[in-house]
Structure formats: structure tokens, C-alpha cells
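Trainee: Protein chains in written order, with the numbering used here: chain R, 145 to 403; chain C, 4 to 271.
Even glycine gets a Cβ: it sits at the ideal position worked out from N, Cα and C.
I am attaching a structure below and will ask some questions about it afterwards.
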Amino acid sequence: MLKHLTETAIKGSVLIFVLVVWQILCGMIFPKTNPDFVILLPPPSMVFEQGARLVGNGVLFIHIFKSMERVLIAFVIASILAIPLGIAIGWWKRCEDMVDPLMEILRPIPPLAWIPLGILWFGIGDPQNIFIIFLGIFFPVLVNTISGVKGVEKNLIWGALTLGANERQIFREIILPGSLPFILTGLRVGLGVGWMCLVAAELVASTRGLGFMIQDARYLLLTERVILGMLVIGLLGYGMDRGMRYLQWRLLPWHATQR
Amino acid sequence: MAKIEVCSIKKEFHSSRTKEVVLALNGICLEANEGEFATLVGPSGCGKSTLLKIMAGLESKDNGYVLLDGQEIIGPSWKRGMLFQDFALPPWKTVKENIELGPKFRCVSKKERGELSNHLIQVVGLKGFENRYPHELSGGMKQRCALARTLANDPEILLLDEPFASVDAQTRELLQEELLKIWGEELPKSKRKLVIFVTHSIDEAVFLSDVVFVMTARPGEIKEVFRNPLERPRDMRLKSTKPFLDAKDFLWGCIKDEVLKAIKQGFQ
């Protein structure tokens, strides 16, 4: 128990140190030299206060739910399209030959570069945001699924063949479970990239959501709300990543990283 | 009629990098009968594993044919069970699930599969490890699991591709004895299955087999067919007797030049 507590203290020490130094510098020292400084970088206490207010009146949750909803929709659409396509590309050489050139040209285009086109196509709001997030999730999932399918050991397929498996059974019993670790990694990376794209998409083209919230707060010079929004984005991103890791751990008790 | 008949098998490999064509197997002919334990021995790279995979129907061939009971082999089938050097056990399946894989592919009912796997787990001595994943097993246990998995299909012949090569030396000796027992060494010949066993250990070949096919360095050809005079059943003590050592000497005499040739090829 004591060991556990010390462990937690060690892990949290740098974080707490930064918060304390920030509070002292921005709350006590800098304001004396220049009162405007509080506007540029408010101390954590003000950010916390702002957080309490937005939680109290529920505004923060409205933005969080909106952002989460967009990411979730984009995540589902991207998975439904990228996983089957990735499996097809990884399994059938002919399919890879045909689709690869297109994918290789589209892949290096950052999702953010699609924002102008997205606004022209979908206007300001949900569809545009979801489109950008979708692009962020799609390619990591696709690329990982392809390498997952291709990475399945030939001997496992051969072994199954000598046990009497037909192509459908090979697919279900060998290829799918064999590529699952890669697919889940793709989903985790994709979710991370999608979350970053979300904020960028909302910054420029939306009327609700965490990205909008910080952009809006900038116009009002509410720096503490900007920082609050950034911290919430960071915390939620971290939470989702942990969630995906937990899912990996639960679904793949056999996998190498669990050993 | 021979159980399996291999006739003028030729196999070339095309290197995509150097555009070289390597002749791996050059007109291999051999026959093995029902109930025999036949071994293919040869230096590294002589194509013995490739030949076995052709028999399994996993590799293509450039000439010749393989007949099983007079029927040409054109693709893989559960009737020709195979063991691999690296076990080829899907890591996401437990011991029990791995053993039931073949019957599952053949749509055997769940109840029957369960009974079968329980029995085989006893046979190969994996009781208590049913629910382990392969990475939680030692090399020897993995190969026992793979053997049980192959036996679960009750195949007509067994093709074993250096099954004990990635197992430590002591376990290997034990597994050799155990393999003979499971194969049914004490049964009359008509009750046993034909085994084709690939190895580069002469010791292993002499201990296990009725007939040893010695292969040359690349391009692989059959250099010598050695009929093993040793009596069955055999156990570990046999390995220090004169007939055993004589047989080993004879085979080493056949194979030594080929090994030297193979080493030189490796440096080219």
C-alpha cells in the first residue's frame, strides 16, 4: 500500500511541480510586473475556476458531447470502410495492384488540407467536421489492416490447409484473428489522429464542440477558457487511448505484447 | 503397390533479385510402403523440405508427379497430415482449440471434437495444459500439441518436416521415443501409418526409420536408399549398440561429401 502510494507520488511529481511553478509565476510574480499578463497566461487556479463554472452550467458537456459524437460517427464510418478494404488489399494481390496507386497518392495529403474542400462541399457543421475526422482515421486503419493481413505467417496458412481448411475457413480462423492485433493498433492510432483532426476541423468550421469553444473564447479574450478547452481535449484523448488499450488487452489475451 | 510414389520430381526456384534459376530438385524418384517410417536425410538446402511440401501439395512442381494410393496429389488435404519445424500453431488458439482445429474444419460436431481432443491430450501428455496458449508452452510441448492436432484428423500418412529441430537436445531424444510409441511401433505393420520424416540428424534418422533416403547437395537427387536392419520396438539404449553405430557410420559415409559440397555452395 505504502509502496503503491510512493509510486503514485513519483509519477505525479513532475505534473504537480509544473502546476505549482505555473501558479506561483502567473498568479503572484508576473501580474505585479505587468497586469496584462494574466490575460495571456492565467494561472491554473483561474483555469480551474473556469472549469467549475462551465461544468456547473453544463456548457462544457454540450461541447464535449458534440465533439465525441462527431468522432464516434467518423470512427464507425472509417472502420466500416477501411477494415474490409484493407483485408481485400492485403489478401488479393490483384486488388492491391489496382487500388494501391490511388491510395498512395491520397495518403500523404494531410486531412487538414481537405478542410477548404470540405467546407465547399459540406458547408459549416457536422458533415464537414465528420468528413475531416473520417480522413484522419481512415488511413491509419487501412494501412495497419493491410500489413496485418500480409503479416500472417505463411506456415499458419499452410498448417490450416493440411488440416483440411477451405478458403473461407482460412479467412475466418487464421487471417482475421491473425491480423486483429494490427487492426486494433490501426484503430487506436486512427482514433488519436482523428481526435486531433476534430479540433482543427471545429476550429475553422463549426458552431459547437471543443474546438469551437476555444476558438470562440479567443475572440472574448477568455484565455482561461482556451486553456481549459485544450486540457479537456488532452484528457479525453488520453482517456480514449487508454480505452483502446484496454480493449486490445481484453480481446487479445494471447498477443505478444501481453506477455 | 507402394503407398506413396514420387516420380521424377523437378523443382526450380527463380530469384527475383538476380534473375538466377536455381535447380532445387532434379528428378527425384522414391517409393514408400504402408506402415513404414521413411526418412529423408540430406545437407542443408538440398530441397528435402521442399520435396515434403510437394508431397503435401503445398508447393508447386516443375515436372513429375506424386501418387498416394495411385491417385495424383494436386493440392493440400487433411489426409496428409503435416508437422512443421516452427509448429505452425496459431497463437490465439489454446492447446485444446488447436487440437480441435482439423475436425472443426471438417465440420465434426462439437461434442465429438471435445471427446477426441480430450483423448489426444492424454496421448501426447498435455493433461493440465488444455487451456494454455502456445506462448505459454515449451518447444517440446508445442510440438506435442501440433502432433495431437495432426492426429486428430486421423490422416492416412504423416509428413514431418524437421519437427524436433527447434527443441532442445534432451527433449528431442524423449520426443523421438515418444513419437515411435504414439506411431504404434508395437503394433503390426498393417496398423501403422506411413510416416515421411525430414531431418538432417543422422542419429535421428537411424533411430526412427525403416528406410532412409539420402539426398545429395543441390540440385537434390536421391543418392542412396538405406534399409535399416534394426529391430523394433526400439528405445534409447539402442543408440549405444554396435548395429546402431554401424548404421550411423554408413550413412555418414554417404552424406559427408554432400555436406562439404553444400558448404561450398553456401560460399558461392
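Between alanine 5/C and phenylalanine 16/C, which are expected to be in contact by the criterion C-beta below 8 angstroms, what is the C-beta distance as a whole number of angstroms?
Mentor: At roughly 28 angstroms, the Cβ-Cβ gap does not stay under 8 angstroms, so alanine 5/C and phenylalanine 16/C are not in contact.
Trainee: Count the other CB atoms within 10 Å of the CB of methionine 239/C; is the residue buried (16 or more) or exposed (fewer)?
Mentor: Exposed, because fewer than 16 other Cβ atoms sit within 10 Å of the Cβ of methionine 239/C.
Trainee: With a floor of 4 residues, list each alpha helix (DSSP H) that falls wholly inside the segment 253-325 of chain R, ordered by position along the chain.
Mentor: With a minimum length of 4 residues, the continuous alpha helix (DSSP H) runs that stay inside the segment 253-325 of chain R are 259-266, 270-294, 298-306, 311-314.
Trainee: Which residues in chain C have a C-beta closer than 8 angstroms to the C-beta of glutamine 392/R? List them in chain order.
Mentor: The contacting residues do not exist; glutamine 392/R stays about 13 angstroms from chain C at best.
Trainee: On the DSSP letters alone, give me the boundaries of the beta strand (DSSP E) that alanine 27/C sits inside.
Mentor: That run of the beta strand (DSSP E) goes 24-35.
Trainee: Going by DSSP in three states, aspartate 360/R sits in which element: helix, strand or coil?
Mentor: Here aspartate 360/R sits in helix by DSSP.
Trainee: For leucine 123/C, does the count of other Cβ atoms within 10 angstroms reach 16, so buried, or fall short, so exposed?
Mentor: With 16 or more other Cβ atoms within 10 Å, it is buried.
Trainee: Using CA atoms only, rank isn't needed, just tell me which of Ile185/C, Asp213/C, Arg135/C, Lys192/C is closest to proline 397/R.
Mentor: When only C-alpha atoms are compared, the closest one is Arg135/C.
Trainee: Closer than 8 angstroms is the cut-off here; do at least three beta carbon pairs connect the segment 289-309 of chain R with the segment 81-89 of chain C?
Mentor: Because the criterion of three Cβ pairs below 8 angstroms is met, the segment 289-309 of chain R and the segment 81-89 of chain C touch.
Trainee: Which parts of the segment 323-347 of chain R are runs of the beta strand (DSSP E), unbroken and 3 residues or longer, counting only runs that do not cross its ends?
Mentor: Counting whole runs of 3 or more residues, the segment 323-347 of chain R contains no beta strand (DSSP E) stretch at all.
Trainee: What is the DSSP secondary structure of arginine 175/C, reduced to helix, strand or coil?
Mentor: Here arginine 175/C sits in helix by DSSP.
Trainee: Relative to the C-alpha of glutamate 224/C, which residue among Pro46/C, Ala41/C, Gly38/C is closest?
Mentor: If we check each option's Cα against that of glutamate 224/C, Pro46/C comes out closest.
Trainee: Tell me the start and end of each unbroken beta strand (DSSP E) in the segment 24-109 of chain C that is at least 3 residues and wholly inside, in chain order.
Mentor: Within the segment 24-109 of chain C, the complete beta strand (DSSP E) runs of at least 3 residues are 24-35, 40-44, 66-71, 83-86.
Trainee: Measuring CA to CA, which of Leu335/R, Ile301/R, Phe266/R is closest to alanine 91/C?
Mentor: Closest by alpha carbon: Ile301/R.
Trainee: Within 8 angstroms (strictly less), CB to CB, does tyrosine 68/C reach chain R?
Mentor: No - not a single Cβ of chain R is within 8 angstroms of the one on tyrosine 68/C.
Trainee: Take serine 204/C as the anchor and find which of Glu100/C, Glu23/C, Val98/C, Glu176/C has the nearest alpha-carbon.
Mentor: Of the listed residues, the one whose Cα sits closest to serine 204/C is Glu176/C.
Trainee: By the DSSP assignment, the alpha helix (DSSP H) with isoleucine 173/R in it spans what residues?
Mentor: No alpha helix (DSSP H) contains isoleucine 173/R, which DSSP labels as neither H nor E.
Trainee: I need the straight-line Cα distance from glutamate 151/R to proline 106/C, nearest angstrom please.
Mentor: Computed Cα separation, rounded: 51 angstroms.
Trainee: Show which residues of chain R have a CB atom less than 8 angstroms away from the CB atom of methionine 239/C.
Mentor: Residues of chain R passing the Cβ test: none, with the nearest at roughly 30 angstroms.
Trainee: Going along chain B in order, which residues have a C-beta closer than 8 angstroms to the C-beta of serine 80/C?
Mentor: Chain labels in this structure do not include chain B; the protein chains are R and C.
Trainee: From the DSSP output, read off the bridge partner residues of threonine 202/C.
Mentor: For threonine 202/C, which the question treats as bridged, DSSP gives the partners Val44/C.
Trainee: How far does the beta strand (DSSP E) with aspartate 164/C in it extend, from its first residue to its last?
Mentor: Unbroken beta strand (DSSP E) run through aspartate 164/C: 160-164.
Trainee: Return the chain-ordered list of same chain residues with a C-beta closer than 7 angstroms to the C-beta of valine 337/R, the five sequence neighbours on each side being excluded.
Mentor: Gly280, Ile281, Pro284, listed in sequence order.
Trainee: So with Cβ pairs under 8 angstroms, would you call histidine 17/C a contact of chain R?
Mentor: By this cut-off, histidine 17/C is not an interface position.
Trainee: Taking C-beta pairs closer than 8 angstroms, name the residues in chain R that phenylalanine 132/C reaches, listed in chain order.
Mentor: The premise fails here: phenylalanine 132/C is roughly 14 angstroms from chain R at the closest Cβ pair, so nothing lies under 8 angstroms.
Trainee: At which residues does the beta strand (DSSP E) containing serine 11/C begin and terminate?
Mentor: 7-17 is the span of the beta strand (DSSP E), which, as asked, contains serine 11/C.
Trainee: Which of helix, strand or coil does DSSP assign to glycine 128/C?
Mentor: If DSSP states are grouped into helix, strand and coil, glycine 128/C belongs with coil.
Trainee: What does the Cβ neighbour count give for lysine 150/C, buried or exposed, with the cut at 16 atoms within 10 Å?
Mentor: The residue asked about is misnamed: residue 150/C is leucine in this sequence, not lysine. That one is buried.
Trainee: Can you grab the Cα-Cα spacing for the pair phenylalanine 108/C / glycine 60/C, in whole Å?
Mentor: Their backbone Cα atoms lie some 18 angstroms apart in a straight line.
Trainee: So, using beta-carbon positions, are phenylalanine 181/R and proline 175/R closer together than 8 angstroms?
Mentor: For phenylalanine 181/R and proline 175/R, yes; Cβs fall inside 8 angstroms.
Trainee: Excluding the 5 residues flanking glutamine 402/R on each side, which residues of the same chain have their C-beta closer than 8 angstroms to its C-beta?
Mentor: Residue placement at glutamine 402/R is flagged as unreliable, the pLDDT there being 48, under the threshold of 50; the coordinate-derived value follows with that caveat. Within the same chain, glutamine 402/R has close Cβ partners Trp393, Leu396.
Trainee: Using a 10 Å radius around the Cβ and a threshold of 16 neighbouring Cβ atoms, would you call aspartate 241/R buried or exposed?
Mentor: The residue is exposed, with fewer than 16 neighbouring Cβ atoms inside 10 Å.
Trainee: Identify the continuous beta strand (DSSP E) that holds phenylalanine 229/C and give its terminal residues.
Mentor: That run of the beta strand (DSSP E) goes 225-230.
Trainee: Chain R partners of phenylalanine 87/C, CB-CB under 8 angstroms?
Mentor: By Cβ distance, chain R contributes Asn299, Trp302, Gly303.
Trainee: Pull up the DSSP beta-bridge partners for leucine 197/C, would you.
Mentor: DSSP output for leucine 197/C lists Ile160/C as bridge partner(s).
Trainee: Any contact of the segment 307-326 of chain R with the segment 239-256 of chain R, i.e. 3+ C-beta pairs under 8 angstroms?
Mentor: Segments in contact, no.
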